[in-house]
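Asker: In the working numbering, the protein residues as written are 19 to 414. Handing you a structure now.
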């Protein structure tokens, strides 16, 4: 099938934007990425690429680098300290190609950045997108364009997206630390500890960075109410360290003596969806189109899937019909994962006293029995329902 070349602008050099750029450029489109930073760079710490996301990285040409930098995740485990119960236990199964991949956001960014450049994408830094005028982007008071298609990958703060989302009550702070020589946890496991549902500590293996390939890393995170994050930073770091070690003594191995508040990045979350993630000559992907709690570890994967769906839709059709097909292909997958995330999150992040009891005494035992185990595996892998059922790849 011959693809008619389009002149495409991608607003935002994040994971979704770079994936879209790489995929669309590989199909022969002329792609320009505009990013606000003087040199495009990632924001955040660690994440998990699920099997559906790995499929997209293969299509982008970024999978080899990502797998070299990341580390396989075989299980997700969490326990509750006050009742001494296992409250989260999910296995990816025995197939190596069905495991998750723990990776630092900077390492994933580097793999996608190289893939986009290799595919022929032009990346323009120092270009904060403030809006659009028809098929032109407004950047620093200047008009850039026109473009046949504008891809909004600007994330939750997009100036192009009309999405108004609902703030979630819980956020987190993240830091990247060396993986200790004698770690108390397996290096293929996401480990978490809860106090009821109002406190959570976590350790995610994230592999290595390109500039230090011998140093294995971990992303550590602490979940707390979003409106208390500022107060958390204001308290002495030693007080928090003492509290964290009391909650989870093994966590001490991931708290080097040089660590302080300045090493942590705050994260807050919102929930919402655009009913129509496109307009005339404009399409929204990733957080510009839909947002949810990170409870199921699907955020980056959703952006990757959006980019792939857009690529495939443009192979099938043009203009509004292509954008409609993109939206329909992603509709049910996004809906399901947002619904499941909204359902699970209060059990693990809330002030509720009742929900943790239900989680610990009913839901957790059920999660370790067939067929719920296989359903949970499909859920974390990202393919409980087809990610883009109406689009079938024509060629790669």
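The beta carbon of each residue, even a glycine, is placed where N, CA and C say it ideally should be.
Would residue 91 and residue 62 qualify as a contact pair, given that the criterion is a beta-carbon distance under 8 Å?
Answerer: For residue 91 and residue 62, no; Cβs fall outside 8 Å.
Asker: Could you tell me the distance, in whole angstroms, from the CA atom of residue 68 to the CA atom of residue 206?
Answerer: 14 Å
Asker: Specify, as a first and last residue, the run of the alpha helix (DSSP H) that residue 385 falls within.
Answerer: Residue 385 -> alpha helix (DSSP H) spans 382 to 385.
Asker: Below 8 Å on the Cβ atoms is my guess for residue 33 versus residue 314; work out the distance and round it to an integer in Å.
Answerer: In fact, because the Cβ distance is near 17 Å, the residues do not count as touching under 8 Å.
Asker: Is the separation between the beta-carbon of residue 132 and that of residue 86 shorter than 8 Å?
Answerer: no
Asker: Which partner residues does residue 308 have in the DSSP bridge list?
Answerer: 291
Asker: For residue 47, which of helix, strand or coil comes out of DSSP?
Answerer: coil
Asker: What's the gap between the Cα of residue 93 and the Cα of residue 37?
Answerer: 27 Å
Asker: Taking residue 370 as the reference, give the member of 231, 198, 235 and 188 with the closest Cα.
Answerer: Nearest neighbour of residue 370 by Cα position, chosen from 231, 198, 235 and 188, turns out to be 188.
Asker: Please state whether DSSP places residue 303 in a helix, a strand or coil.
Answerer: coil
Asker: Taking 8 Å as the cut-off, decide whether the C-beta atoms of residue 96 and residue 106 are in contact.
Answerer: yes
Asker: Given a threshold of 16 other Cβ atoms within 10 Å of its Cβ, counted over all protein chains shown, does residue 122 qualify as buried or as exposed?
Answerer: It counts as buried.
Asker: Just checking my contact of residue 208 with residue 222 at CB under 8 Å: how many whole Å lie between their CB atoms?
Answerer: 5 Å
Asker: For residue 279, which of helix, strand or coil comes out of DSSP?
Answerer: helix
Asker: Answer yes if the stretch 141 to 152 comes into contact with the stretch 162 to 177, meaning at least three C-beta pairs across the two stretches below 8 Å, and no otherwise.
Answerer: yes
Asker: On the CB-based measure, 16 or more other CB atoms within 10 Å of its CB, does residue 337 come out buried or exposed?
Answerer: exposed
Asker: What residue range is occupied by the uninterrupted beta strand (DSSP E) comprising residue 232?
Answerer: Residues 230 to 243.
Asker: Using the C-alpha atoms, what's the distance from residue 386 back to residue 111?
Answerer: 13 Å
Asker: Pick helix, strand or coil for residue 340, following the three-state DSSP scheme.
Answerer: In the three-state reduction of the DSSP assignment, residue 340 falls in the helix class.
Asker: Pull up the CB-CB distance for residue 330 and residue 409, whole angstroms please, since I reckon it's below 8 Å.
Answerer: About 4 Å separates the two Cβ atoms, so the contact holds.
Asker: Looking at C-beta atoms only, is the number of pairs between the stretch 303 to 317 and the stretch 358 to 367 that lie closer than 8 Å three or more?
Answerer: yes
Asker: Provide the residue span of the beta strand (DSSP E) that contains residue 95, from first to last.
Answerer: 93 to 98
Asker: Quick test of your reading: residue 397 and residue 358, contact by CB under 8 Å. State the CB separation rounded to the nearest angstrom.
Answerer: 7 Å
Asker: Can you tell me whether DSSP reads residue 428 as helix, strand or coil?
Answerer: No statement about residue 428 is possible, as the shown extent of the chain runs from 19 to 414 and does not include it.
Asker: Anyone know if the C-beta pair for residue 29 and residue 169 falls short of 8 Å?
Answerer: yes
Asker: Going by the CB atoms, is the gap between residue 104 and residue 43 shorter than 8 Å?
Answerer: no
Asker: Is it buried or exposed for residue 246, if we count other Cβ within 10 angstroms and need 16 for buried?
Answerer: exposed
Asker: Should residue 190 and residue 285 be called a contact, given that it needs their Cβ atoms to be closer than 8 Å?
Answerer: yes
Asker: So the candidates are 294, 114 and 195; which of them puts its Cα closest to the Cα of residue 352?
Answerer: 294
Asker: Ordered along the chain, which non-local residues of its own chain (more than five positions away) have a Cβ less than 7 Å from that of residue 342?
Answerer: none
Asker: State the DSSP-derived secondary structure class of residue 22, mapped to helix, strand or coil.
Answerer: coil
Asker: With distance defined between alpha-carbon atoms, name the residue in 256, 88 and 348 nearest to residue 296.
Answerer: 348
Asker: According to DSSP, is residue 200 part of a helix, a strand, or is it coil?
Answerer: coil
Asker: If you draw a straight line from the C-alpha of residue 199 to the C-alpha of residue 229, how long is it?
Answerer: 20 Å
Asker: In this structure, does DSSP put residue 54 in helix, strand or coil?
Answerer: Here residue 54 sits in coil by DSSP.
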